[in-house]
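Residue numbers (our numbering): 1 to 185. One structure is given here, and the rest of the page talks about it.
As structure tokens, this is what we get:
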């Protein structure tokens with residue numbers, strides 16, 4: 001098949017947990033070592049999709065980068081015997097995501113979402129990660145209800161708040177608190 005353009009598609013590779021960045025850099029090294037011109041290289045790039053989230057560290061809100069899909073690396077390449085052999089022989093690679101022996105390319109809309117191409121406007125703010133679940137017993141550590149315990153009724157992610165049911169004078173009362181005022185019991 002001479003003269004046909006190679007079709008680069010995105011594929012997901014399952015990797016050993018915690019080795020995503022190592023696998024990505026090993027793939028990057030293979031790309032750099034390939035003597036062919038960029039447009040002829042069958043493997044174009046590898047990514048570890050991440051998202052900025054807000055976490056609590058020592059009582060302070062900090063922005064951290066979290067892997068969206070721990071244990072996976074995305075690679076843009078032409079799937080052929082050569083590239084499958086190269087990728088499968090990289091240390092830390094378990095297998096391509098797909099059915100049977102053939103890797104399944106990601107759908108264009110999945111790729112756009114993962115690469116942030118089709119992100120809705122206003123989504124650039126890091127999302128706050130609220131570490132509480134409905135039904136969880138929590139202790140209030142700050143504010144007018146400090147030293148009270150209660151049960152999480154609702155997690156209001158968009159507001160960064162948690163609705164907690166506390167017992168006031170023997171009656172359950174619903175209070176809305178910033179999740180920083182709470183600690184898991």
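In this text, a Cβ means the ideal position worked out from N, Cα and C, and glycines have one as well.
Residue 79 counts as buried, since at least 16 other C-beta atoms from the protein chains shown sit within 10 angstroms of its C-beta. Separation of residue 132 and residue 173 (C-alpha to C-alpha, rounded to the nearest whole angstrom) is 19 Å. DSSP places residue 72 within a strand segment (E or B) once states are collapsed to three. With contacts defined as CB atoms closer than 7 Å, residue 167 and residue 151 fail to qualify as a contacting pair.
Between residue 71 and residue 17, the CB-CB gap stays under 7 Å.
As the crow flies, the alpha-carbon of residue 30 is around 51 Å from that of residue 137.
Burial state of residue 40 is exposed, judged by a 10 Å Cβ sphere holding fewer than 16 other Cβ atoms.
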